[in-house]
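S.K.:
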Amino acid sequence: MTFKNVLDNFPLLEKRNYLSTASIGLVPISVIEKSTDIFTELAQGGTIALDEEKEVYIYENLRNESSKLLGCSKEEIAIFNSVTEALNIIAWSIGLKSGNVISTSEEFPSVTYPWIRQGKDSSLNLEFIKSKEGCISTEELINRIDKNTEIVVLSHVEYSTGQKFDLAEIAEAAHEVDALLIVDGIQAAGYCPLDVKKWNVDVYITGSYKWLCAPFGTAISYISPILCEKLEPAFAGWRSADDMWNFRPEELVFTNNAKKFEYSTSAYSAKIGLAEAIHYILNLGINNIENYSEKLIKILLEELEHIKGVNLINPPSRGSIVTFNMNQTDITKIGKLLGLLPRPINITIRQNRLRISPHFYNTESDILDFIKEFKKIIKKHE
Ligand SMILES: Cc1ncc(COP(=O)(O)O)c(C=O)c1O
Numbered sequence: 000m001t002f003k004n005v006l007d008n009f010p011l012l013e014k015r016n017y018l019s020t021a022s023i024g025l026v027p028i029s030v031i032e033k034s035t036d037i038f039t040e041l042a043q044g045g046t047i048a049l050d051e052e053k054e055v056y057i058y059e060n061l062r063n064e065s066s067k068l069l070g071c072s073k074e075e076i077a078i079f080n081s082v083t084e085a086l087n088i089i090a091w092s093i094g095l096k097s098g099n100v101i102s103t104s105e106e107f108p109s110v111t112y113p114w115i116r117q118g119k120d121s122s123l124n125l126e127f128i129k130s131k132e133g134c135i136s137t138e139e140l141i142n143r144i145d146k147n148t149e150i151v152v153l154s155h156v157e158y159s160t161g162q163k164f165d166l167a168e169i170a171e172a173a174h175e176v177d178a179l180l181i182v183d184g185i186q187a188a189g190y191c192p193l194d195v196k197k198w199n200v201d202v203y204i205t206g207s208y209k210w211l212c213a214p215f216g217t218a219i220s221y222i223s224p225i226l227c228e229k230l231e232p233a234f235a236g237w238r239s240a241d242d243m244w245n246f247r248p249e250e251l252v253f254t255n256n257a258k259k260f261e262y263s264t265s266a267y268s269a270k271i272g273l274a275e276a277i278h279y280i281l282n283l284g285i286n287n288i289e290n291y292s293e294k295l296i297k298i299l300l301e302e303l304e305h306i307k308g309v310n311l312i313n314p315p316s317r318g319s320i321v322t323f324n325m326n327q328t329d330i331t332k333i334g335k336l337l338g339l340l341p342r343p344i345n346i347t348i349r350q351n352r353l354r355i356s357p358h359f360y361n362t363e364s365d366i367l368d369f370i371k372e373f374k375k376i377i378k379k380h381e
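Residue numbers (numbering that gives the first Met the number 0): 0 to 381.
1) Let's test the definition: count the other Cβ atoms within 10 Å of the Cβ of R342 and tell me whether it reaches 16, buried, or not, exposed.
2) For I330 and N351, which I take to be in contact (beta-carbon distance under 8 Å), what is that distance rounded to the nearest angstrom?
3) Please look up how many angstroms separate the CB atoms of R247 and E261, rounded, as I've assumed it's under 8 Å.
4) For T35, name the three-state secondary structure that DSSP assigns.
5) Assuming L69 contacts V195 (C-beta within less than 8 Å), just tell me the rounded distance between them.
6) Please return the same chain residues whose Cβ sits closer than 6 Å to the Cβ of S121, not counting the five positions on each side in sequence.
7) Since V321 and L300 are thought to touch, with beta carbons under 8 Å apart, how far apart are those beta carbons, to the nearest angstrom?
8) Does the structure place the segment 278-286 close enough to the segment 39-51 that three or more beta carbon pairs sit under 8 Å?
9) Just to confirm the assignment, what range does the alpha helix (DSSP H) spanning D368 have?
10) Can you pull the DSSP bridge partners for L179?
11) What is the DSSP secondary structure of Q162, counted as helix, strand or coil?
12) The beta strand (DSSP E) spanning R349 covers which residue range?
13) Regarding S356 and ligand 1, is the C-beta to nearest heavy atom distance less than 6 Å?
14) Could you confirm whether any beta carbon from chain B is found closer than 7 Å to the beta carbon of Q43?
15) According to DSSP, what are the bridge partners of F246?
16) Starting from V5, follow the beta strand (DSSP E) in both directions and report where the run begins and ends.
17) I'd like to know whether the C-beta atoms of I219 and S65 end up nearer to each other than 7 Å.
18) So, are the CB atoms of S104 and K129 less than 7 Å apart?
19) Along the chain, which unbroken stretches of the alpha helix (DSSP H) at least 4 residues long are found entirely within the segment 266-298?
20) Apart from the five residues just before and just after S356, which ones in its own chain have a Cβ nearer than 7 Å to its Cβ?
21) When you compare each of F2, E139, I181 to K131 by their alpha carbons, which one comes out closest?
22) Taking Cβ positions, are S154 and D183 nearer each other than 7 Å?
23) Can you tell which of I47, I181, P314, S34 has its C-alpha closest to the C-alpha of T160?
24) Under 7 Å between the Cβ atoms of I28 and N60?
25) Alpha carbon to alpha carbon, how far is I31 from T137?
26) Going by the C-beta, is Y158 closer than 6 Å to any heavy atom of ligand 1?
27) Out of K163, I377, I78, which one is the CA nearest neighbour of Q327?
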């Protein structure tokens, strides 16, 4: 199958070969319209455009779509403004004072920083599983989990290498010693099927602006009911209360589900945008997107394997991210030159690696175009 029929929704692709969804995903026109309509209505209409019913609906509609995406109930979803914010709220609500947190040396900083910060005024210890040739051994990670482990925190798909983890396997190992598995899914959600219940993770957070093709300004999180019940939110505001419209400054009774971690008003247009984008992605079919992207990635890998000097990062399982570095070639310069072509090619450089991250709106010819231009550039610089 192809997703060629979606291209009208992404006008940029006529002019550019955009292969950088792991940085920022393109937003379909239909999502932009929904999001900007409400933005304009609120800006011009104030309370006329946003009554109490609508303010509730915006969050509940997003909660509903999110539960379909993640495979859980609405009551298990909390809505935040960014993945970093969500990771911090969860970390500070758990409030570990001692024990070990396990993560990896390939993580995005927002995954590990909340625990490093907490370790500054507690005896909590952060252990990193070190990558070898860019890859993390799941076996080593699982073997490292022991009775002193309180938390395993990692990305479902690593941002810089594309490595994808088997979450069920890691959750099982963590739970054997009563540790928690907290997952950052921003590089996976929107690209591959999610099933937080089957995997039995404790927390699964994801954000709007990459593979879910929505505007900046929203993150959603599954929080397991058992963990949710145990935790006292570290932060509180009017939206955390069981009845948020019953403004009671002298008494705080938290909502009895994941909503208790929410606390304030926010960019409502971003929430509307994410709900619409999830609906759009679910309509395309997550399995279809994954199968399609796997085909693009296969073509890309087969081509790259034959190019001299390319050192591919080869994880045992991956998301829609391919990265490599090169012997004696300035990869940043190559990235810049790709961006200067008549039909510029957008890739990202991370950790001195060139990262290509195609989504359903890319085509096989985008991949082959990248390969052709990349080969020309490196030939010139030999
Ligand atoms: C794995 C991962 N987590 C978190 C983030 C940042 O998320 P946010 O901007 O929503 O805080 C990124 C951004 O690149 C990322 O790759």
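Yeah, the Cβ is synthetic: ideal placement off N, Cα and C, and Gly gets one too.
M.R.: In this structure, then:
1) Classification of R342: exposed, given that the 10 Å Cβ count is below 16.
2) So it is a contact: roughly 6 Å between Cβ atoms.
3) In fact, because the Cβ distance is near 17 Å, the residues do not count as touching under 8 Å.
4) Reduced to three states, the DSSP call for T35 is helix.
5) About 5 Å; that satisfies the 8 Å criterion.
6) Here the set comprises K96.
7) Indeed they touch by this definition, with Cβ atoms about 6 Å apart.
8) Cβ pair count under 8 Å is below three, so no.
9) Counting along the chain, the alpha helix (DSSP H) containing D368 begins and ends at 363-379.
10) DSSP lists I150 as partners of L179.
11) In the three-state DSSP reduction, Q162 falls in the strand class (E or B).
12) Its beta strand (DSSP E) spans residues 347-349.
13) No, Cβ of S356 sits at least 6 Å from all heavy atoms of ligand 1.
14) Going by chain labels, chain B is absent from the structure shown, which holds only one protein chain.
15) In the DSSP output, where bridge partners are listed per residue, F246 has none listed.
16) Per DSSP, V5 belongs to no beta strand (DSSP E) and is neither H nor E.
17) Inclusion of I219 and S65 in the CB contact set at 7 Å is warranted, their separation being smaller than that value.
18) With respect to K129, S104 sits close: the two C-beta atoms are nearer than 7 Å.
19) Fully enclosed alpha helix (DSSP H) runs of 4 or longer: 267-283.
20) The beta carbon of S356 is closer than 7 Å to those of L18, S19, T20, A21, S319, I320 in its chain, skipping five residues each way along the sequence.
21) Closest by alpha carbon: E139.
22) Yes; because the gap between Cβ atoms is below 7 Å, this pair is in contact.
23) Between T160 and the set I47, I181, P314, S34, the nearest pair of CA atoms involves P314.
24) Going by C-beta atoms, I28 is not nearer than 7 Å to N60.
25) Looking at the two C-alpha atoms, the distance is approximately 39 Å.
26) For Y158, the Cβ falls inside the 6 Å cut-off from some heavy atom of ligand 1.
27) Looking from the CA of Q327, the closest CA among K163, I377, I78 belongs to I377.
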